[in-house]
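Here the structure comes first, spelled out in structure tokens, and everything after it is commentary.
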Amino acid sequence: MPMGCGPKVCPFRTSMEAVVKQMHHRMAIEFTCEADVDFVRSMLPHHEGAVAMCAALDESHGWLQVGLVHFCYHVALEQRWEVQGMQQWLDARNLTAGKACTEGLGCGDLTCVSSQAYLAANRRMQEAMTINYSCHTEEDFVQAMLPHHQGAVEMCAVLLESTSQDVYLRDLCANITRLQTAEMSWMKDWLTFKGLSPAQCHGNSDSTAPCADMMPITDICHDLGGDRLCDCSELTDSCSSIAIAGG
-19 MPMGCGPKVC PFRTSMEAVV KQMHHRMAIE FTCEADVDFV RSMLPHHEGA
31 VAMCAALDES HGWLQVGLVH FCYHVALEQR WEVQGMQQWL DARNLTAGKA
81 CTEGLGCGDL TCVSSQAYLA ANRRMQEAMT INYSCHTEED FVQAMLPHHQ
131 GAVEMCAVLL ESTSQDVYLR DLCANITRLQ TAEMSWMKDW LTFKGLSPAQ
181 CHGNSDSTAP CADMMPITDI CHDLGGDRLC DCSELTDSCS SIAIAGG
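Numbering (the working numbering) for the sequence shown: -19 to 227.
Below you can see the structure in the form of structure tokens.
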């Protein structure tokens, strides 16, 4: 499947299509019908793909808007922590990261609900990440990263609806869902400010920014030592209200 469409060709498109293609290949795992194992084996390359996309952005552009610099700083910081945690989860169970299938979106045991749901989420993400490249580097990056984040949220939904009761993974998914929803809101607002609509090659995606707790993706949370220490609910009564923290 092509990783992009449109007539424009530029170095950033070449880099991004290579990164996205490699990520999708590694996410096409041999499913086991163990929802927690399949989740970790899929989410590892997904997270590493986000870090690689940010690296491609950094390497292809001499100057970046400060908002995107902060965004990628946060992505690299948080997702590398989570990659380390997931790898330790596999190691503790004497499991490997598995192997990629030679074709398609996955292989192995596809008879169970969780495998089918992971495949469906991966398919939606792959289609939505196939964007019409404008060769405006920052715009193309955001257009591709938005559905990438949505894919993570959907994968977590599959895990949370499964029979898995693994405390670490359920906590991990709560954090992924909270943070990536906030980052999606930020990216959608960024596109709106630029007067841009989603640029998927296959249909359209929802351009409405969700109401989200934005505090975890601010600098103050990084300085305090991590996203899990920041919770907007401790300061505000509702999503639309504003509070001022003293200090």
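Cβ coordinates follow ideal geometry from the N, Cα and C atoms, glycine included. Since the structure is predicted, the reported quantities are computational estimates derived from the model, not experimental observations.
Count the other CB atoms, across all protein chains shown, that sit within 10 Å of the CB of residue i; report buried if there are 16 or more and exposed otherwise.
i, result
"Asp120", "buried"
"Lys168", "buried"
"Gly175", "exposed"
"Gly205", "Because Gly205 carries a pLDDT of 46, less than 50, the predicted location of this residue cannot be relied on, and no value is offered for it."
"Phe173", "exposed"
"Ser142", "buried"
"Glu39", "exposed"
"Trp170", "buried"
"Ser177", "exposed"
"Arg(-7)", "buried"
"Val(-11)", "exposed"
"Ala162", "buried"
"Ala(-2)", "exposed"
In this structure, how does DSSP classify residue i when only helix, strand and coil are distinguished?
i, result
"Leu204", "With a pLDDT of 46 at Leu204, under the threshold of 50, the modelled position of that residue is not reliable, and no figure is offered here."
"Ala8", "coil"
"Ala179", "coil"
"Ala30", "helix"
"Ala136", "Checking the sequence, you will find Cys at residue 136 rather than Ala. In the structure shown, Cys136 sits in a helix (DSSP, three-state: H, G or I)."
"Gly84", "coil"
"Cys115", "coil"
"Cys(-10)", "coil"
"Cys(-15)", "strand"
"Gln45", "coil"
"Val(-1)", "helix"
"Cys153", "helix"
"Lys168", "helix"
"Gly89", "The sequence shown places Asp at residue 89, not Gly. If DSSP states are grouped into helix, strand and coil, Asp89 belongs with coil."
"Asp18", "helix"
"Gly65", "helix"
"Asn74", "coil"
Taking Cβ to Cβ, would you say residue i is nearer than 8 Å to residue j?
i, j, result
"Gly(-14)", "Tyr113", "yes"
"Ser95", "Phe19", "no"
"Leu75", "Val17", "yes"
"Leu70", "Ala80", "no"
"His182", "Glu62", "no"
"Pro25", "Arg6", "yes"
"Met36", "Met(-4)", "Checking the sequence shown, residue 36 turns out to be Ala, not Met. Yes, the pair counts as a contact, with Cβ atoms nearer than the cut-off."
"Met105", "Gly131", "yes"
"Gly29", "His128", "yes"
Which same chain residues end up closer than 7 Å to residue i when comparing Cβ atoms and leaving out the 5 residues on each side of it in sequence?
i, result
"Gln45", "Glu118"
"Gly84", "Ala8"
"Thr157", "Val133 and Cys136"
"His27", "Gln59, Glu62 and Val63"
Starting from the C-beta of residue i, find all residues in its chain whose C-beta is less than 6 Å away, skip the five residues before and the five after it, and write them out in chain order.
i, result
"Ala179", "Ile111, Asn112 and Gln123"
"Cys13", "Asp89, Cys92 and Ser95"
"Cys153", "Cys136, Leu139 and Leu140"
"Thr72", "A small fix is needed here, since residue 72 is Ala in this sequence, not Thr. Excluding sequence neighbours, Ala72 sits near nothing in its chain."
"Met3", "Pro25 and Gly29"
Quick one: what's got a C-beta closer than 8 Å to residue i's C-beta in the same chain, skipping five residues either side?
i, result
"Ala56", "Val31 and Cys34"
"Ile22", "Per the sequence presented here, residue 22 reads as Ser, with Ile not at that position. Contacts found: Met7, Ile9, Tyr98, Asn102 and Met135."
"Cys115", "Lys(-12), Val(-11), Cys(-10), Phe(-8) and Arg(-7)"
Give me the Cβ distance between residue i and residue j, rounded to the nearest whole Å; I'm assuming they're in contact under 8 Å.
i, j, result
"Met109", "Val0", "6 Å"
Is residue i a contact residue of the ligand FAD, with contact defined as CB to any heavy atom under 7 Å?
i, result
"Ala97", "The ligand FAD is absent from the structure shown, which contains no ligand whatsoever."
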